[in-house]
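Undergrad: Can you read through this structure? Questions will come right after.
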Amino acid sequence: MTYATCLACRECGREFPLEPLHVCDFCFGPLEVAYDHDGIQSKITRERIESGPRSIWRYIDLLPVDEDFIVDLNVGWTPLLKADRLADRLGMRELWIKNDTCNPSWSFKDRVVAVASSRARQLGFTTLACASTGNLANSVSAHAARAGMDAIVFIPHDLEAGKVLGSAVYNPTIVSVNGSYDDVNRLCSELADDRHWAFVNINVRPYYAEGSRTLAYEVAEQLGWRAPRQVVAPMASGSLFTKIHKGFQEFQRYGLIEDTPVRMIGAQAEGCSPITTAWRNETTNIRPVKPDTIAKSLAIGNPADGYYALKTMKRTDGGSTAVTDPEVVEGIQMLAECEGVFAETAGGVTIAGLRQAIETGQLDPDEATVAFITGGGLKTSDAVVEHVTQPIPVEGTLQSFEAAFAEAPEAVGVGG
Amino acid sequence: MSTRRVRFTFEGDAVKEPVIYLVGHEFEVVTNIRMADVEHDFGWVVLELDGDHDEIDRALAWVEAKGVRIDPVAGDVVES
Numbered sequence: 001m002t003y004a005t006c007l008a009c010r011e012c013g014r015e016f017p018l019e020p021l022h023v024c025d026f027c028f029g030p031l032e033v034a035y036d037h038d039g040i041q042s043k044i045t046r047e048r049i050e051s052g053p054r055s056i057w058r059y060i061d062l063l064p065v066d067e068d069f070i071v072d073l074n075v076g077w078t079p080l081l082k083a084d085r086l087a088d089r090l091g092m093r094e095l096w097i098k099n100d101t102c103n104p105s106w107s108f109k110d111r112v113v114a115v116a117s118s119r120a121r122q123l124g125f126t127t128l129a130c131a132s133t134g135n136l137a138n139s140v141s142a143h144a145a146r147a148g149m150d151a152i153v154f155i156p157h158d159l160e161a162g163k164v165l166g167s168a169v170y171n172p173t174i175v176s177v178n179g180s181y182d183d184v185n186r187l188c189s190e191l192a193d194d195r196h197w198a199f200v201n202i203n204v205r206p207y208y209a210e211g212s213r214t215l216a217y218e219v220a221e222q223l224g225w226r227a228p229r230q231v232v233a234p235m236a237s238g239s240l241f242t243k244i245h246k247g248f249q250e251f252q253r254y255g256l257i258e259d260t261p262v263r264m265i266g267a268q269a270e271g272c273s274p275i276t277t278a279w280r281n282e283t284t285n286i287r288p289v290k291p292d293t294i295a296k297s298l299a300i301g302n303p304a305d306g307y308y309a310l311k312t313m314k315r316t317d318g319g320s321t322a323v324t325d326p327e328v329v330e331g332i333q334m335l336a337e338c339e340g341v342f343a344e345t346a347g348g349v350t351i352a353g354l355r356q357a358i359e360t361g362q363l364d365p366d367e368a369t370v371a372f373i374t375g376g377g378l379k380t381s382d383a384v385v386e387h388v389t390q391p392i393p394v395e396g397t398l399q400s401f402e403a404a405f406a407e408a409p410e411a412v413g414v415g416g
Numbered sequence: 417m418s419t420r421r422v423r424f425t426f427e428g429d430a431v432k433e434p435v436i437y438l439v440g441h442e443f444e445v446v447t448n449i450r451m452a453d454v455e456h457d458f459g460w461v462v463l464e465l466d467g468d469h470d471e472i473d474r475a476l477a478w479v480e481a482k483g484v485r486i487d488p489v490a491g492d493v494v495e496s
């Protein structure tokens, strides 16, 4: 049984039933799931969580889904790696990498879609839908296949074939919209009001967003039931960023971890940094931008939760960074070379943002820090293909190898 | 009849123009402002538009031509 009680407006507090709604009818503020905290408090313990499955569903008491409706692709419980070599490179004392590239469709979107698809099934939907240029469509298509639901995915007409493949293999209906990015936005917003489809990040968005909290739950548990002192997370809509903080707060509220402050530091690419720009200008008024960056998975020019991300930064004495595209590539390479984790461009933004936060004094290199890597590198291999190690060509003889190897000794460590 | 919930974002000179008044004057569309924050050179207004579907489309195209950005109230819904 879920402890979710209703949807509540984040602006005016009005309450609504647990239905496919996302905007307050009165003030048009965003809706968020509210819970019976006393009920959760009476039931939840570290032992109860530890005895659950090794997936996000170990936290089902904190999610807006009844057990009978779970769509289970074994999402979550991804590795938390102590990143000593990267910490050395950056001059840090304690750095951890939350490696969400290990999810079933290789990105953190599986967390939010797992919750959205499960709730959608509970609400009686038989079709999952989304508008996406990559990760979200992959995850929606995979979850629909797993659940035996229909999937309909809207993409811009000029999306590269390679990006469509990660969804197409699951056999969803793919609609290619002949128009601009904004046209796709508008069409899908209208369709969400018009069709009995669960658009995961529109009409069931309040449930979808809840899945991100599991990132914080896992980190706290994997750190031995404690919160880190600092977090660096990428920001697109800003939802992930605010929900990670909420996750730590909830664990503190329920007495699962100590009530220690967590400083929240956001990372964006300069070519799409409306939240960081507002932070630097000390305003909560976010000016929408036209994205122009290789970090496509963060390219949301008009972030729905940007205002709340700014409030989270302010409340936690946090910060915000914006990094250039070359810095994004460097970030991907640093993480791969130091820790063996191949991240997509959003991960490059996180690592480059982490470095910038240290350089600008927004992050204390001596405090325990967790950086969130939200998607796998093969999704954006184009970004680094020209920057990585090239093969040394040799003939199949020892003589040829020795001659070529002698000219490129830096390519391989000197061995016996 | 249909209803559309949108967010207008004004920058620069567009802030000074009575765009929302003119929508109601020039088109068969009823405007209903629900939230807003307007400064001297920037502002946004969240509003509901009631009218014939095609008439709302025409009104929104006219607003966009005035240099006003129009988004769904939920922000960008196309994600990676």
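The listed protein sequences correspond, in order, to chains H and V.
Start counting the first sequence at 1; every next residue gets the next number (the working numbering).
Start counting the second sequence at 417; every next residue gets the next number (the working numbering).
Cβ coordinates follow ideal geometry from the N, Cα and C atoms, glycine included.
None of these values were measured; they are calculated from a predicted model.
In or out: Val414/H buried (at least 16 other Cβ within 10 Å) or exposed?
TA: Model confidence at Val414/H stands at a pLDDT of 48, short of 50, so the residue's coordinates are unreliable; what they give is reported in the following sentence. Result: exposed.
Undergrad: Counting Cβ pairs closer than 8 Å, one from the segment 115–125 of chain H and one from the segment 90–98 of chain H, do we hit at least three?
TA: no
Undergrad: At least one CB of chain H closer than 7 Å to the CB of Ala490/V: is that the case?
TA: yes
Undergrad: Please state the DSSP three-state secondary structure of Arg423/V.
TA: Look at Arg423/V here: in three-state DSSP terms it is strand.
Undergrad: Please report the distance separating the alpha-carbon of Asp492/V from that of Lys482/V.
TA: 21 Å
Undergrad: Cutting at 7 Å between CB atoms, please list the residues of its own chain near Arg450/V, excluding the five before and the five after it.
TA: Val462, Leu463 and Glu464
Undergrad: On the DSSP letters alone, give me the boundaries of the alpha helix (DSSP H) that Gly179/H sits inside.
TA: Here Gly179/H belongs to no alpha helix (DSSP H), and DSSP marks it neither H nor E.
Undergrad: Taking beta-carbon pairs under 7 Å, can you tell me which members of the segment 460–488 of chain V lie near chain H?
TA: Val462, Arg485, Asp487 and Pro488
Undergrad: Flag this pair as yes or no: are the beta carbons of Ala490/V and Ile294/H separated by less than 7 Å?
TA: no
Undergrad: If contact is defined by three or more beta carbon pairs under 8 Å, each pair taking one atom from either stretch, is the segment 306–321 of chain H in contact with the segment 261–269 of chain H?
TA: yes
Undergrad: Between the beta-carbon of Phe443/V and the beta-carbon of Glu471/V, is there less than 7 Å?
TA: yes
Undergrad: Name the DSSP beta bridge partners of Thr447/V, please?
TA: Paired residue(s): Leu465/V.
Undergrad: Should Cys24/H go down as buried or exposed, given a rule of 16 or more other Cβ atoms within 10 Å for buried?
TA: buried
Undergrad: By the DSSP assignment, the beta strand (DSSP E) with Glu32/H in it spans what residues?
TA: Leu31 to Tyr35
Undergrad: Within 10 Å of its beta-carbon, does Gln356/H have 16 or more other beta-carbons around it, so buried, or fewer, so exposed?
TA: buried
Undergrad: Just the chain V side, please: which residues come within less than 8 Å of Lys296/H by C-beta, in chain order?
TA: Ser496
Undergrad: Between which residues of its own chain and Thr397/H is the CB-CB distance below 7 Å, once the five residues before and five after are set aside?
TA: none
Undergrad: Could you tell me which chain H residues have their CB closer than 9 Å to the CB of Met417/V, listed as they occur along the chain?
TA: For the C-beta of Met417/V, not a single chain H residue is nearer than 9 Å; the gap to the nearest is close to 14 Å.
Undergrad: Should Cys188/H be flagged as near chain V, meaning a C-beta pair shorter than 7 Å?
TA: yes
Undergrad: Can you tell me whether DSSP reads Asn138/H as helix, strand or coil?
TA: Helix at Asn138/H.
Undergrad: With 8 Å as the limit, tell me which residues of the segment 201–217 of chain H have their beta carbon closer than that to any beta carbon of chain V; keep them in chain order.
TA: Asn201, Ile202 and Arg205
Undergrad: Kindly indicate which residue of Asn171/H, Pro261/H and Val289/H has the alpha-carbon position closest to the one of Ala137/H.
TA: Ranking the options by Cα distance to Ala137/H, first place goes to Asn171/H.
Undergrad: Applying the criterion that 16 or more other CB atoms from any shown protein chain within 10 Å of the CB defines a buried residue, is Gln362/H buried or exposed?
TA: buried
Undergrad: List, in order along the chain, the chain V residues whose C-beta lies closer than 8 Å to that of Ser273/H?
TA: Under the 8 Å cutoff, chain V gives no residues; its nearest Cβ is about 14 Å from Ser273/H.
Undergrad: Would you decide whether Phe401/H is buried or exposed? Buried here means 16 or more other CB atoms lie within 10 Å of its CB.
TA: When all chains shown are included, Phe401/H counts as exposed.
Undergrad: Keeping to the same chain, check which residues put their C-beta closer than 6 Å to that of Thr214/H; ignore five residues upstream and five downstream.
TA: Ile56, Tyr59, Gly76 and Arg111
Undergrad: Please state the DSSP three-state secondary structure of Met149/H.
TA: coil
Undergrad: In three-state terms, what does DSSP make of Tyr3/H?
TA: coil
Undergrad: Along the chain, where does the beta strand (DSSP E) that runs through Trp96/H open and close?
TA: It spans Leu95 to Asn99 - the beta strand (DSSP E) in which Trp96/H sits, taken as one unbroken run.
Undergrad: Over the uninterrupted alpha helix (DSSP H) stretch that includes Gln333/H, give me the two end residues.
TA: Asp325 to Glu339
Undergrad: Check the DSSP bridge columns for Trp460/V and list the partner residues they point to.
TA: Answer is Thr425/V and Asp453/V.
Undergrad: May I ask you to list the residues that DSSP assigns as paired with Asp487/V?
TA: Arg423/V
Undergrad: To be precise: take each residue of the segment 131–159 of chain H, compare its Cβ to all Cβ atoms of chain V, and keep it if any distance is under 9 Å. Which residues remain?
TA: Among the residues of the segment 131–159 of chain H, those with a Cβ less than 9 Å away from any Cβ of chain V are Ala131, Ser132, Thr133, Gly134, Asn135, Leu136, Ala137, Phe154, Ile155 and Pro156, in the order of the chain.
Undergrad: Hey, could you find the ends of the alpha helix (DSSP H) Ala403/H is sitting in?
TA: Leu398 to Glu407
Undergrad: How long is the line joining the alpha carbons of Ile436/V and Pro30/H, rounded to whole angstroms?
TA: 23 Å
Undergrad: What first and last residue would you give for the alpha helix (DSSP H) that runs through Lys82/H?
TA: Per DSSP, Lys82/H lies in no alpha helix (DSSP H); the unbroken beta strand (DSSP E) holding it starts and ends at Leu80 to Lys82.
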